[in-house]
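Quick note on full-length UniProt numbering: the sequence shown kicks off at 1 and runs consecutively. Structure first, then comments.
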Amino acid sequence: MNDEDKTAAAAPEAQASGNGAEAPETAAPAAAAPSESPAPAAAPESNEADKLTAQIKELEDKLKYAAADKVNTVKRLEKEGAKAYQRGVEG
């Protein structure tokens with residue numbers, strides 16, 4: 001028997017015995033994968049969140065300026081309307 005046959009034969013015995021032991025070849029990659037995945041995955045999510053936060057801030061600022069502009073326009077038109085009304089009453 002070669003090494004692959006021994007590993008394949010040992011795996012069913014370990015499962016049948018109920019001790020939860022796995023063949024060393026299958027246990028090592030499974031243990032290594034979770035420790036490698038979170039670090040690289042966290043960086044893009046954080047970067048994306050930072051970009052979205054910056055976009056939200058920019059849009060909030062634009063909204064504030066637009067609202068202030070509308071308020072100023074309304075005030076200006078009210079003053080112009082009051083002046084026009086006054087000229088109409090006096091004239």
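No residue lacks a Cβ here, since even glycine has one placed at the ideal position from N, Cα and C. Since the model is a prediction, treat every value here as computed from it, not as a measurement.
Take the alpha-carbon of E45 and the one of G81: they are about 53 Å apart. When rounded, the separation of the alpha-carbon atoms in K75 and G88 is 20 Å. Spatial neighbours of T53 in its own chain (CB-CB distance under 6 Å, excluding positions within 5 residues in sequence) are not present.
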